Amino acid sequence: DPGTLARRLEEIAASGVASQSAAPVGDSGGASARSEAGQRANGGSIEWTQLVDLVEQGGNHLAASLMRMQVRVVQLGQGLLRFSRAPHFREDIAPQLRDALYSATGMRWQVEECQTDGVPSLLEAEQMAREAADATMRQHPLVQAALEAFPDAEFVTDPVSPASGRTAWGR
């Protein structure tokens with residue numbers, strides 16, 4: 018009965034929303050704090066995302082894409098970038114990054130790849146944020162009640178939209 022279901026959902030929402038929203042979902046706090054700290058330069062003068070945007074605005078879209086998708090910042094300072102990457106990336110991108118950073122900032126950069134784990138790449142961080150938002154949504158009492166009432170229900174999502182200010186080239 019739809020009326021009974023609606024009342025049940027309202028009851029669950031009234032009693033469960035406050036307690037559910039106060040409870041943490043997963044352990045994403047430490048990862049996001051680590052990511053934020055790693056994305057900021059050592060003196061706080063520039064953030065990694067700003068540097069990537071600067072490279073892209075300078076017209077070096079390939080290097081900006083590499084920076085977003087592959088680079089896991091280990092250390093970022095004035096004229097220094099130490100980074101790691103996932104093991105499946107094997108090509109040497111340091112010279113390309115060095116040239117792109119020089120073109121964008123007008124200063125020489127020491128760029129080196131190292132084996133130390135860095136913070137997640139910007140793309141990895143976006144994916145983790147989407148997964149955390151999905152987990153939070155699935156834990157919401159209304160969603161849980163709807164899934165209980167409709168066990169065969171499926172989630173339908175919109176295609177991932179580009180970050181604000183970026184062109185959706187594939188559309």
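Residue numbers 18 to 188, in my numbering, belong to the letters of the sequence shown in order. Glycine included, C-beta positions come from ideal geometry on N, C-alpha and C. Since the structure is predicted, the reported quantities are computational estimates derived from the model, not experimental observations.
- Message: Let's test the definition: count the other Cβ atoms within 10 Å of the Cβ of Gly-135 and tell me whether it reaches 16, buried, or not, exposed.
- Response: buried
- Excluding five sequence neighbours on each side, which residues of the same chain lie with their C-beta closer than 6 Å to the C-beta of Pro-104? none
- So who's on the other strand from Leu-97, going by DSSP bridges? Gly-94, Gln-127
- Message: In chain order, what are the residue ranges of uninterrupted beta strand (DSSP E) at least 3 long that sit wholly in the region 101-161?
- Response: 127-130
- By how many angstroms is the C-alpha of Glu-165 removed from the C-alpha of Glu-141? 32 Å
- Query: Among the residues of its own chain, which have a CB less than 7 Å from the CB of Met-124, if the five just before and after it don't count?
  - Reply: Gly-96
- Message: So, at 6 Å on beta carbons, what are the nonlocal neighbours of Arg-115 in its own chain, with the 5 sequence-adjacent residues on each side left out?
- Response: Trp-126, Val-128
- Message: On a Cα-Cα basis, can you pick out the residue from Gln-144, Leu-79, Val-91, Thr-133 that is closest to Ile-110?
- Response: Leu-79
- Query: Do Leu-139 and Arg-99 have their CB atoms nearer than 7 Å?
  - Reply: no
- Task: Going by CA-CA distance only, name the one from Gly-76, Thr-66, Phe-106 that's closest to Cys-131.
- Result: Phe-106
- Query: Does the Cβ of Gln-74 have 16 or more other Cβ atoms within 10 Å, making it buried, or fewer, making it exposed?
  - Reply: exposed
- Item | Beta-carbon proximity of Val-91 to Ser-82, cut-off 7 Å | no
- Message: Using CA atoms only, rank isn't needed, just tell me which of Thr-174, Asp-175, Pro-137, Val-69 is closest to Ser-120.
- Response: Val-69
- Message: Does Val-88 pass the burial test, meaning 16 or more other C-beta atoms within 10 Å, or should it be called exposed?
- Response: buried
- Query: Under three-state DSSP, which class holds Glu-171?
  - Reply: coil
- Query: What did DSSP end up calling Ser-38 once you bin it into helix, strand or coil?
  - Reply: Because Ser-38 sits at a pLDDT of 44, beneath the cut-off of 50, its placement in the model cannot be relied upon, and the following sentence gives the value as read from the coordinates. Helix at Ser-38.
- Item | C-alpha gap between Met-154 and Pro-112, whole angstroms | 42 Å
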